[in-house]
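These protein sequence lines are chains G and E, in that order.
Going left to right, the first sequence walks through residues 16 to 336 as the numbering used here numbers them.
Going left to right, the second sequence walks through residues 4 to 296 as the numbering used here numbers them.
Glycine residues also receive a C-beta, built at the ideal position from the N, C-alpha and C atoms.
Bear in mind the structure is a predicted one, so any value in this text is a computation, not a measurement.
Data first, discussion second: the structure below is written as structure tokens.
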Amino acid sequence: MNVLASGGFWAFVAVVAGIYTILALGLQVQFGFAGLLNFGQVGFMAIGAYTMAILVVKEGWSTWLAAPLGIAAAAAAGLLVGLPALRLRADYFAIVTIAFSEIVRYVATNETALTGGSQGTIALGPIGTATQYNGQWSRFQAQVQHSLGFSSSDATMLVIVWGVAVVLLALTWLVLRTPWGRVLRAIRDDEDAAASLGKNVFAYKLQALALGAALAGVAGLFYAWQFSFFSPDDFQPLLTFFAWMILLLGGLGRVWAVPVGSLVFGFIFAGTRFLDFAPFTWFGSDERAYLRLIIIGLIIVLLVMLRPQGLLGNRREMVLE
Amino acid sequence: MLQLIANGLVTGSVYAIAAVGVSLVYGILRLVNFAYGDLMAFGALITFGVNGPLHQSMLLAVAAGMAATAALSVALDLVLWKPLRARRAGFMSLFLASIGLALVLRQLLLFVAGSGPKSYRIDPYRVFVLSSVRLSEAQVITIATAAGTIVAVGLFLAVTTTGRVLRAMADDRALAAVAGIDVARATRIAWIISGLLAGLAGVLAATVEYSFDPNFGFQLLLPVFAAVVLGGIGSAYGALAGGLALGLAQEVSTWSGFAGGVNPVYKPVVAFAVLAVALLIRPQGLFGRARLA
Numbered sequence: 016m017n018v019l020a021s022g023g024f025w026a027f028v029a030v031v032a033g034i035y036t037i038l039a040l041g042l043q044v045q046f047g048f049a050g051l052l053n054f055g056q057v058g059f060m061a062i063g064a065y066t067m068a069i070l071v072v073k074e075g076w077s078t079w080l081a082a083p084l085g086i087a088a089a090a091a092a093g094l095l096v097g098l099p100a101l102r103l104r105a106d107y108f109a110i111v112t113i114a115f116s117e118i119v120r121y122v123a124t125n126e127t128a129l130t131g132g133s134q135g136t137i138a139l140g141p142i143g144t145a146t147q148y149n150g151q152w153s154r155f156q157a158q159v160q161h162s163l164g165f166s167s168s169d170a171t172m173l174v175i176v177w178g179v180a181v182v183l184l185a186l187t188w189l190v191l192r193t194p195w196g197r198v199l200r201a202i203r204d205d206e207d208a209a210a211s212l213g214k215n216v217f218a219y220k221l222q223a224l225a226l227g228a229a230l231a232g233v234a235g236l237f238y239a240w241q242f243s244f245f246s247p248d249d250f251q252p253l254l255t256f257f258a259w260m261i262l263l264l265g266g267l268g269r270v271w272a273v274p275v276g277s278l279v280f281g282f283i284f285a286g287t288r289f290l291d292f293a294p295f296t297w298f299g300s301d302e303r304a305y306l307r308l309i310i311i312g313l314i315i316v317l318l319v320m321l322r323p324q325g326l327l328g329n330r331r332e333m334v335l336e
Numbered sequence: 004m005l006q007l008i009a010n011g012l013v014t015g016s017v018y019a020i021a022a023v024g025v026s027l028v029y030g031i032l033r034l035v036n037f038a039y040g041d042l043m044a045f046g047a048l049i050t051f052g053v054n055g056p057l058h059q060s061m062l063l064a065v066a067a068g069m070a071a072t073a074a075l076s077v078a079l080d081l082v083l084w085k086p087l088r089a090r091r092a093g094f095m096s097l098f099l100a101s102i103g104l105a106l107v108l109r110q111l112l113l114f115v116a117g118s119g120p121k122s123y124r125i126d127p128y129r130v131f132v133l134s135s136v137r138l139s140e141a142q143v144i145t146i147a148t149a150a151g152t153i154v155a156v157g158l159f160l161a162v163t164t165t166g167r168v169l170r171a172m173a174d175d176r177a178l179a180a181v182a183g184i185d186v187a188r189a190t191r192i193a194w195i196i197s198g199l200l201a202g203l204a205g206v207l208a209a210t211v212e213y214s215f216d217p218n219f220g221f222q223l224l225l226p227v228f229a230a231v232v233l234g235g236i237g238s239a240y241g242a243l244a245g246g247l248a249l250g251l252a253q254e255v256s257t258w259s260g261f262a263g264g265v266n267p268v269y270k271p272v273v274a275f276a277v278l279a280v281a282l283l284i285r286p287q288g289l290f291g292r293a294r295l296a
């Protein structure tokens with residue numbers, strides 16, 4: 016059967032788009048509302064996923080206890096990175112956050128005893144035993160599937176991921192309408208003015224960074240549950256750039272633009288997998304994989320050049336400078 | 004220990020050359036060029052093409068690689084950076100555009116050259132021994148070339164008129180324009196020098212590592228950025244010092260007399276740890292300014 020016509024494939028694309036939505040929502044809080052250039056988002060995601068998996072496999076914790084701890088660990092990492100790095104200029108901050116995410120990946124690759132090393136979570140347990148961190152999750156998913164009366168597990172995951180994503184979007188939308196959210200935007204627009212009104216700019220930025228990191232941690236959990244195994248190579252800086260592209264595609268400064276950007280990105284990314292007509296058929300599968308990323312890169316460049324506020328962005332409120 | 008210092012000088016001089024290239028363009032255009040690592044890979048690959056399949060001498064190949072990288076830099080300025088400047092794009096737009104460009108460049112290199120490892124036609128087994136220090140031919144060539152380049156770039160910036168123009172523009176672009184400096188010409192020169200340095204740094208890095216593939220530019224990029232930040236973004240002398248300091252710190256940290264030594268796989272982490280500590284003490288970098296002009 017043609018894979019393009021299969022519901023399972025598109026359900027998979029939509030699940031991944033839901034995970035990306037949560038990841039990019041964190042960036043929207045940090046950049047779209049607080050003006051922070053976090054380019055290490057994938058590092059927080061990795062910390063969330065690894066904390067949960069390690070607690071479940073090595074310490075025998077319940078998934079429902081380990082998952083909130085994964086989110087907390089990601090938020091704590093945000094605080095830890097922010098304390099020294101937020102004192103830096105914006106351009107230094109961007110570079111330091113990329114460096115942070117690469118350090119996380121290096122540590123995950125090399126501290127084999129803790130993380131399973133480059134083999135990934137399969138090697139978390141003792142040698143010879145394939146280890147599971149998602150047993151409890153699978154049972155939960157099966158229960159949900161049963162009570163919904165669905166026949167496919169992909170469709171169930173779709174409902175769960177997007178259900179959580181919508182709740183998080185709504186919560187974020189609400190939080191940004193509180194006085195706290197208004198101060199954040201004031202800091203983004205004019206840091207000195209906010210400071211002169213007695214607002215503790217540093218504390219607000221730190222909180223926004225930690226909140227965005229916590230959202231990345233949630234994305235990490237779903238990533239871990241969706242793919243029953245993961246390794247440090249899943250957390251390359253490329254993923255952060257994808258999240259930035261989603262943010263740009265959707266639009267800056269608008270919570271509801273994030274899922275739109277994420278779906279558009281998901282379909283571009285999945286769609287370019289099916290360039291199975293001339294002239295693309297002249298190339299092998301490796302070359303076509305390179306072509307896909309060339310197209311993604313070109314879209315990023317063109318967006319920046321032609322539509323700096325994003326597809327649905329609020330031009331009056333926020334333009335990419 | 005001496006051996007580690009020598010290795011550190013080799014690594015550090017590659018970082019230093021690349022860091023100056025990044026820093027020059029930043030100083031003038033406020034552009035943190037994320038595609039710089041892939042420009043280095045481009046230079047290294049052109050050199051490989053001329054040296055390998057075309058069977059030309061290494062010297063000619065390096066010249067071709069550097070020239071091609073400079074030409075590519077100037078061309079990219081025309082089609083990408085110049086329109087963005089005309090729109091008064093800020094730091095964020097430029098940074099994101101350079102990320103997109105980096106993706107395109109790297110995948111194009113992979114597309115054309117494939118992902119297999121490549122090596123220059125250099126004998127890897129010739130070794131120079133200097134009392135207790137053993138250096139391969141590639142390392143000796145790298146140190147010599149880098150020392151020459153660093154001195155040349157330093158002199159160029161310090162005494163020539165063009166060098167002074169570039170520094171003046173890094174200091175205050177608007178003021179330099181008012182003072183009658185041809186900003187377009189100076190920008191072009193900055194790209195040419197930055198491109199030449201990218202090509203050279205790419206070839207040297209590829210020579211030292213003996214074999215390389217189109218992905219290697221990105222792996223070099225982060226330590227180079229760390230060197231730029233350590234020196235203070237936009238300060239060319241700072242970038243030189245930052246590059247050498249990080250290269251040395253990376254190698255010396257593996258010395259067993261130093262609390263058993265750091266596991267060599269963590270060399271890139273050492274670079275960032277040094278950077279983090281330095282920034283805590285001096286948030287603007289060693290030679291940087293506290294605020295964006």
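- Reference E:Ala-274; option with closest CA among E:Leu-63, E:Arg-88, E:Leu-247: Closest option to E:Ala-274, Cα to Cα, is E:Leu-247.
- Compare the beta carbon distance of G:Gly-63 and G:Ile-34 with 8 Å and say whether it is the shorter of the two. no
- Query: Looking at C-alpha atoms only, which residue of E:Leu-283, E:Leu-7, E:Ile-20 is the closest neighbour of E:Ala-147?
  - Reply: Comparing C-alpha distances from E:Ala-147 to each of E:Leu-283, E:Leu-7, E:Ile-20 shows the shortest one belongs to E:Ile-20.
- chain G beta carbons: is any one of them nearer than 8 Å to that of E:Val-77? no
- For G:Ser-277, the first and last residue of its enclosing alpha helix (DSSP H): 272-286
- Query: Is there a Cβ from chain G that is less than 8 Å from the Cβ of E:Ile-236?
  - Reply: yes
- What residues from the region 264-279 of chain E come within 8 Å of chain G, judged by C-beta to C-beta, listed N to C? So the close ones are Asn-266, Val-268, Tyr-269, Pro-271, Val-272, Phe-275, Leu-278, Ala-279.
- What are the residues of the region 24-53 of chain G that lie near chain E, defined by any Cβ-Cβ distance shorter than 7 Å? Leu-52
- Message: Since G:Met-67 and G:Ala-229 should fall inside the 8 Å C-beta cutoff, what is the C-beta to C-beta distance between them, to a whole number of angstroms?
- Response: At roughly 13 Å, the Cβ-Cβ gap does not stay under 8 Å, so G:Met-67 and G:Ala-229 are not in contact.
- Let me know the secondary structure DSSP gives E:Ser-214 once reduced to three states. strand
- Message: Closer than 7 Å between beta carbons: that is the criterion. Which residues of the region 98-123 of chain E meet it against chain G?
- Response: Phe-98, Leu-99, Ala-100, Ile-102, Gly-103, Leu-104, Leu-106, Val-107, Gln-110, Leu-111, Leu-113, Phe-114
- Message: Using CA atoms only, rank isn't needed, just tell me which of E:Ala-180, E:Leu-251, E:Leu-158, E:Gly-202 is closest to E:Leu-48.
- Response: E:Gly-202
- Message: Please tell me whether E:Gly-245 and E:Val-231 are closer than 8 Å, where the distance is taken between their beta carbons.
- Response: Yes. Within cutoff.
- Note down the Cα distance separating E:Gly-30 from E:Tyr-39, rounded to an integer number of angstroms. 15 Å
- Query: Distance, Cα to Cα, E:Arg-137 vs G:Thr-36?
  - Reply: 53 Å
- Which partner residues does E:Ser-122 have in the DSSP bridge list? E:Ser-214
- Message: Given this structure, state the Cα-to-Cα distance separating G:Ala-29 from G:Gly-281, to the nearest angstrom.
- Response: Their Cα atoms are separated by approximately 7 Å.
- Task: Note the first and the last residue of the continuous alpha helix (DSSP H) segment covering G:His-161.
- Result: Here the alpha helix (DSSP H) through G:His-161 covers 150-163.
- Item | Burial state of G:Leu-95 (16 or more Cβ within 10 Å) | exposed
- Query: Between E:Gly-24 and E:Leu-200, is the Cβ-Cβ spacing less than 8 Å?
  - Reply: yes
- Skipping 5 residues on each side, what residues in its chain have a beta carbon closer than 6 Å to that of E:Ala-74? none
- Message: By alpha-carbon positions, which one of E:Ala-9, E:Ile-192, E:Ala-187, E:Val-181 ends up nearest to E:Thr-145?
- Response: Closest option to E:Thr-145, judged by alpha-carbon separation, among E:Ala-9, E:Ile-192, E:Ala-187, E:Val-181: E:Ala-9.
- Message: For E:Ala-229 and E:Pro-286, I'd like the C-alpha separation in whole angstroms.
- Response: 13 Å
- E:Val-154 at chain G interface by Cβ criterion, 8 Å: no
- Message: With the cut-off set at 8 Å, would you say E:Val-156 and E:Gly-68 are in Cβ contact?
- Response: For E:Val-156 and E:Gly-68, no; Cβs fall outside 8 Å.
- In this structure, does DSSP put G:Gln-56 in helix, strand or coil? helix
- Which same chain residues, not among the five before or five after E:Asp-41, have their C-beta less than 6 Å away from its C-beta? Ala-105, Leu-108, Arg-109, Gly-220
- Three-pair Cβ contact test at 8 Å for the region 171-187 of chain G versus the region 109-121 of chain G: no
- With 7 Å as the C-beta to C-beta threshold (strictly closer), list the residues of the region 208-242 of chain E near chain G in chain order. Those would be Leu-225, Phe-228, Ala-229, Val-232, Ile-236, in chain order.
- Determine the closest residue to G:Ser-243 out of G:Leu-278, G:Leu-38, G:Val-72, with distance taken between C-alpha atoms. G:Val-72
- Message: Quick check: what's the CA-CA separation for E:Gly-93 versus E:Ile-153?
- Response: 31 Å
- Query: In its own chain, which residues sit with a C-beta less than 6 Å from the C-beta of E:Ala-179, not counting the 5 before and 5 after it?
  - Reply: Hits under 6 Å: Ala-171, Met-172.
- Item | is_contact[E:Val-65, chain G] using C-beta, thresh 8 Å | So no, E:Val-65 is outside the interface.
- Task: Please determine, among G:Ala-258, G:Tyr-305, G:Leu-253, G:Leu-262, the residue with the shortest C-alpha to C-alpha distance to G:Glu-117.
- Result: G:Leu-253
- Could you tell me which of G:Trp-259, G:Gln-151, G:Gly-265 sits nearest to G:Gly-312, measuring between CA atoms? G:Trp-259
- Item | chain E contacts made by the region 307-326 of chain G, where a contact means CB separation under 7 Å | Leu-308, Ile-309, Ile-311, Gly-312, Leu-313, Ile-315, Val-316, Val-319, Met-320, Pro-323
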